[in-house]
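Quick notes on the structure that follows.
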Amino acid sequence: MGILENKFQDNIIVAKLDQILSWARSTSPWYFQFGLACCAIEMMATAASRHDLERIGMMPRSSPRQADVMIVAGTVTMKMALRVKKLYEQMADPKYVIAMGSCATSGGPYTPHGYHVLKGVDLIIPVDVYIPGCPPRPESLIEGLIKLQEKIRHERPLTRKNVS
Amino acid sequence: MNVDVAKKLTEVFPGCLVEQDEFPETHIQLQPDQWSKIASYLKETEELSFDSCMCITGVDFGEEDDLESRYNLHSMKHNHKIEVRISANRKKPIIPTVSHVWQIANWFEREVFDMFGIKFKGHPDLRRMLLPEDWVGYPLRKDYVGPDSYHGIIIPKVKEVWE
Numbered sequence: 001m002g003i004l005e006n007k008f009q010d011n012i013i014v015a016k017l018d019q020i021l022s023w024a025r026s027t028s029p030w031y032f033q034f035g036l037a038c039c040a041i042e043m044m045a046t047a048a049s050r051h052d053l054e055r056i057g058m059m060p061r062s063s064p065r066q067a068d069v070m071i072v073a074g075t076v077t078m079k080m081a082l083r084v085k086k087l088y089e090q091m092a093d094p095k096y097v098i099a100m101g102s103c104a105t106s107g108g109p110y111t112p113h114g115y116h117v118l119k120g121v122d123l124i125i126p127v128d129v130y131i132p133g134c135p136p137r138p139e140s141l142i143e144g145l146i147k148l149q150e151k152i153r154h155e156r157p158l159t160r161k162n163v164s
Numbered sequence: 165m166n167v168d169v170a171k172k173l174t175e176v177f178p179g180c181l182v183e184q185d186e187f188p189e190t191h192i193q194l195q196p197d198q199w200s201k202i203a204s205y206l207k208e209t210e211e212l213s214f215d216s217c218m219c220i221t222g223v224d225f226g227e228e229d230d231l232e233s234r235y236n237l238h239s240m241k242h243n244h245k246i247e248v249r250i251s252a253n254r255k256k257p258i259i260p261t262v263s264h265v266w267q268i269a270n271w272f273e274r275e276v277f278d279m280f281g282i283k284f285k286g287h288p289d290l291r292r293m294l295l296p297e298d299w300v301g302y303p304l305r306k307d308y309v310g311p312d313s314y315h316g317i318i319i320p321k322v323k324e325v326w327e
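Written out as structure tokens, the structure is:
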């Protein structure tokens with residue numbers, strides 16, 4: 001621990017358990033690794049070394065059982081919508097959803113004539129953060145994820161109160 | 165093209181061509197009934213040897229007119245190509261399959277079936293290619309109207325909801 005070494009005796013920190021829990025949750029929201037269209041490429045770029053999502057505590061998990069955040073990256077077709085819903089239901093609580101890109105937020109360029117595209121993933125699952133863009137740059141995605149982390153940090157999981 | 169395909173086909177399969185005012189070089193319009201045999205003939209005859217089926221397209225000519233299936237054939241050996249057009253009745257669109265002649269036609273025909281509802285008679289596995297199995301209707305037809313909901317998910321058709 002470098003400069004802190006041997007500077008302090010054994011300490012007790014007094015804090016609310018709620019706060020500590022939500023702080024711990026907010027700094028390691030593991031996201032579910034699945035991409036549906038071109039937004040997935042930007043998500044991969046975000047996870048790769050230049051933007052490096054792991055520095056804000058996020059790492060991809062390949063199973064919905066281990067994931068906290070679902071990044072819906074791309075066009076959700078009707079065929080896929082049923083699967084997306086099923087995957088969301090398989091995730092363990094607490095779970096969060098990010099709608100990445102204009103397709104996932106509102107159907108994007110497929111509005112209103114795309115007969116096969118779900119007009120916004122919020123029609124089937126609750127969404128926490130919307131990220132506009134077609135596709136959003138990695139900076140936008142990181143911004144959205146930091147917004148989500150703020151949201152989680154303001155939650156009080158034990159008392160179920162939202163402090164904003 | 166060196167070989168006159170239309171002329172050759174009428175010699176072997178009399179009456180297979182649809183009567184037209186003029187016969188263009190780029191495509192031939194065929195009757196559907198003998199198509200399976202004609203396809204084998206096109207592939208296996210030495211001077212023609214159309215060994216590659218590059219694409220199968222469906223066409224809809226409007227609500228009163230017929231559907232059509234178009235086959236783009238190419239010969240690797242002679243480096244010539246031709247388009248075969250076969251029309252099908254809108255009410256009862258049935259065309260014989262060529263999936264046993266060109267293997268790739270299996271998936272092409274499934275896609276045309278998915279989008280236009282043309283049934284390829286004798287196809288080994290005629291299921292939808294892109295859309296879900298329980299989808300109603302054929303979306304690339306001119307008279308197609310999309311569903312209002314799918315498995316309880318509402319499909320809004322007016323844009324006002326978002327603006």
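Protein chains in written order, with the numbering used here: chain U, 1 to 164; chain R, 165 to 327.
Virtual Cβ for every residue (Gly too), placed ideally from N, Cα, C.
The structure displayed is predicted, hence computed values, not measured ones.
Query, Result
"At a cut-off of 8 Å, would you count U:GLY144 as near the ligand GDP, judging by its Cβ distance to the nearest heavy atom?", "The model on display carries no ligand, and the ligand GDP is accordingly not part of it."
"Which stretch, first to last residue, makes up the beta strand (DSSP E) that contains R:ARG231?", "Note on identity: in this sequence residue 231 of chain R is Leu, with Arg being the wrong assignment. Residues 231-239."
"Does any residue of chain R bring its CB to less than 9 Å from the CB of U:GLY119?", "First, the amino acid is wrong: residue 119 of chain U is Lys here, not Gly. Output row for U:LYS119: interface = yes."
"Does the structure place the region 40-58 of chain U close enough to the region 274-284 of chain R that three or more beta carbon pairs sit under 8 Å?", "no"
"I want to verify the contact list: residues of chain U whose CB lies under 7 Å from the CB of R:TYR314, in sequence order.", "MET78"
"Quick check on the DSSP output: the beta strand (DSSP E) that includes U:VAL129 runs from which residue to which?", "129-131"
"With 16 other CB atoms within 10 Å as the buried threshold, where does R:ASP298 fall?", "exposed"
"Would you check if the region 170-189 of chain R and the region 226-235 of chain R touch, i.e. whether three or more CB-CB distances between them fall below 8 Å?", "no"
"Answer with yes or no whether the minimum CB distance from R:GLY310 to chain U is below 9 Å.", "yes"
"Residues of chain U with a CB under 9 Å from the CB of R:PRO158: which are they?", "Not covered by the structure: residue 158 of chain R. The range shown for chain R is 165 to 327."
"Give me, in chain order, the residues of the same chain whose beta-carbon lies closer than 8 Å to that of U:PRO157; leave out the 5 immediate sequence neighbours on both sides.", "ASP18, LEU21, SER22, ARG25 and PRO94"
"Distance check for R:GLN267 and U:ARG153, CA to CA, integer angstroms please.", "57 Å"
"Along chain R, which residues have their Cβ under 9 Å away from the Cβ of U:ALA48?", "Going along chain R, no residue has its Cβ under 9 Å from U:ALA48, so there is no contact; the nearest lies around 31 Å."
"Excluding sequence positions up to five away, which residues of its chain have a Cβ less than 7 Å from the Cβ of U:ALA37?", "GLY74, THR75 and CYS103"
"Name the DSSP bridge partner or partners of U:VAL69?", "U:TYR31 and U:TYR96"
"Buried or exposed: which applies to R:HIS315, given that a residue is buried once 16 or more other Cβ atoms fall within 10 Å of its Cβ?", "exposed"
"For U:MET59, count neighbouring Cβ atoms within 10 angstroms of its own Cβ and tell me buried if that reaches 16, exposed if not.", "exposed"
"Do you know offhand how far R:PRO320's Cα is from R:MET293's?", "25 Å"
"Our contact map puts R:VAL169 next to R:LEU212 with C-beta atoms below 8 Å; I'd like the distance itself, whole angstroms only.", "7 Å"
"Closer than 9 Å, CB to CB, is R:TRP271 near chain U or not?", "no"
"Give the single residue among R:VAL300, R:ASP307 and R:ILE258 whose Cα lies nearest to the Cα of R:ASP197.", "R:ILE258"
"Check each candidate in R:SER216, R:ASP289, R:ASN270 and R:GLY301 and name the one with the smallest Cα separation from U:TYR115.", "R:GLY301"
"Would you mind stating whether R:GLY286 and R:PRO303 have Cβ atoms separated by less than 9 Å?", "no"
"By a C-beta neighbour count over all protein chains shown, 10 Å radius and 16 as the cutoff for buried, is U:GLN9 buried or exposed?", "exposed"
"Helix, strand or coil, according to DSSP, for R:SER216 in the structure here?", "strand"
"The alpha helix (DSSP H) with U:GLN90 in it runs from where to where?", "78-90"
"With a threshold of 9 Å between beta-carbons, can R:ILE258 be considered close to chain U, or not?", "no"
"Since R:ILE318 and U:LEU82 should fall inside the 8 Å C-beta cutoff, what is the C-beta to C-beta distance between them, to a whole number of angstroms?", "The pair is not a contact, with the Cβ atoms about 14 Å apart (cut-off 8 Å)."
"Return the chain-ordered list of same chain residues with a C-beta closer than 6 Å to the C-beta of R:SER204, the five sequence neighbours on each side being excluded.", "VAL265"
"What does DSSP give as the partner residue(s) for R:ALA252 in the beta ladder?", "R:LEU231"
"Do U:GLY101 and U:LYS119 have their beta-carbon atoms positioned less than 9 Å apart in this structure?", "no"
"Please list the partners that U:LEU123 has in chain R, where partner means a Cβ-to-Cβ separation under 8 Å.", "ILE317 and ILE318"
"Looking at U:SER62 and U:GLN33, is the spacing between their C-beta atoms short of 9 Å?", "yes"
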